[in-house]
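*Asks:* Dumping the structure here so I can ask a few things about it.
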Amino acid sequence: AQKVTQAQTEISVVEKEDVTLDCVYETRDTTYYLFWYKQPPSGELVFLIRRNSFDEQNEISGRYSWNFQKSTSSFNFTITASQVVDSAVYFCALSEGAGTNFGNEKLTFGTGTRLTIIP
Amino acid sequence: DAGITQSPRYKITETGRQVTLMCHQTWSHSYMFWYRQDLGHGLRLIYYSAAADITDKGEVPDGYVVSRSKTENFPLTLESATRSQTSVYFCASSDLGLPSVTDTQYFGPGTRLTVL
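Residue numbers (the numbering used here), protein chains in the order written: chain U, 40 to 158; chain D, 34 to 149.
The following block contains the structure:
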């Protein structure tokens, strides 16, 4: 069975510091998809990134970057120069892609990391 | 407006009552999902549906019933609500076919259910 572990329950950093959120996953499939979602205090789930298991290239989007390492089954998320608006709960999720839906099937979520940015 | 909507957004009910949470999407997505979110558990899949009239259990299906007579609707029913079903419920949808790198499941705004 697939599993996602986010060992960091809560993290607090001072504004402008960099912070890394860890995500470790388990799956028996060779084809799978990894996701990060942000849940701000308003409660909605905001999609951040999708990565398939064949693409280990790191991704950078503005202040956000993701480090995917199959050797350690990790998909870590770094926020550079954090801002108060980054305060949220962040979820890592996994979808096995053995079916025909290319990873759009059911997601297994980690328990989330609550990130607080202190002004 | 296009998108995925849930109703009601907030619901308070009593133990033993039947409650139905509604989910509606306007994209004609094939897949629809119900998750519940609880502290310490993240989001857990309750049921999902690959198409109209096709549903399957997720991780935590006990005490819930779903139906999908139309592609755009996926109601979730708690037949006899219990306090342990107090949670935030999210509906989601996704499409078939090769997705772009930005494709994902699209989530509704959530329904906060309290069972007294």
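Backbone N, C-alpha and C define an ideal beta-carbon position, used for all residues, glycine too.
1) For U:S104, which residues from the same chain have a beta carbon less than 6 Å from its beta carbon, with the 5 sequence-adjacent residues on both sides left out?
2) Under the rule that 16 or more other beta-carbon atoms within 10 Å means buried, what is U:R90, buried or exposed?
3) Contact between the region 145-152 of chain U and the region 44-52 of chain U is defined here as three or more beta-carbon pairs at a separation below 8 Å; is this criterion met?
4) On the DSSP bridge list, what partners appear for U:W75?
5) Sort U:V128, U:L60, U:K77 and U:Q122 by Cα distance to U:N164 and report the nearest one.
6) Which bits of chain U does D:P142 rub up against, with CB to CB less than 8 Å?
7) Is the distance from the Cβ of U:E148 to the Cβ of D:G75 below 8 Å?
8) Which residue wins for smallest C-alpha separation from D:D86, given the options D:E105, D:Y68 and D:R77?
9) On a CA-only basis, which of D:W67, D:R42 and D:S40 is nearest D:S77? Give me that one, please.
10) Please go through the same chain and pick out, in chain order, the residues whose beta-carbon is closer than 6 Å to the beta-carbon of D:T46, but skip the five residues on each side of it.
11) For the putative contact between D:V128 and D:H62, defined by C-beta atoms under 8 Å, what is the C-beta separation to the nearest angstrom?
*Replies:* Reading off the structure:
1) T117
2) buried
3) These segments touch.
4) Partner(s): U:I88 and U:C131.
5) Shown here, chain U extends from 40 to 158; a query on residue 164 of chain U therefore has no answer.
6) Residues of chain U passing the Cβ test: G82 and E83.
7) Reading the sequence as shown, one finds Phe at residue 148 of chain U and not Glu. Taking 8 Å as the cut-off, the beta carbon of U:F148 is found closer than this to the beta carbon of D:G75.
8) D:E105
9) First, the amino acid is wrong: residue 77 of chain D is Arg here, not Ser. Of the candidates D:W67, D:R42 and D:S40, the one whose C-alpha sits nearest the C-alpha of D:R77 is D:W67.
10) V52, A114 and V148
11) Checking the displayed sequence, the identity of residue 128 of chain D turns out to be Asp instead of Val. Yes, they are in contact, since the Cβ atoms of D:D128 and D:H62 sit about 5 Å apart, within 8 Å.
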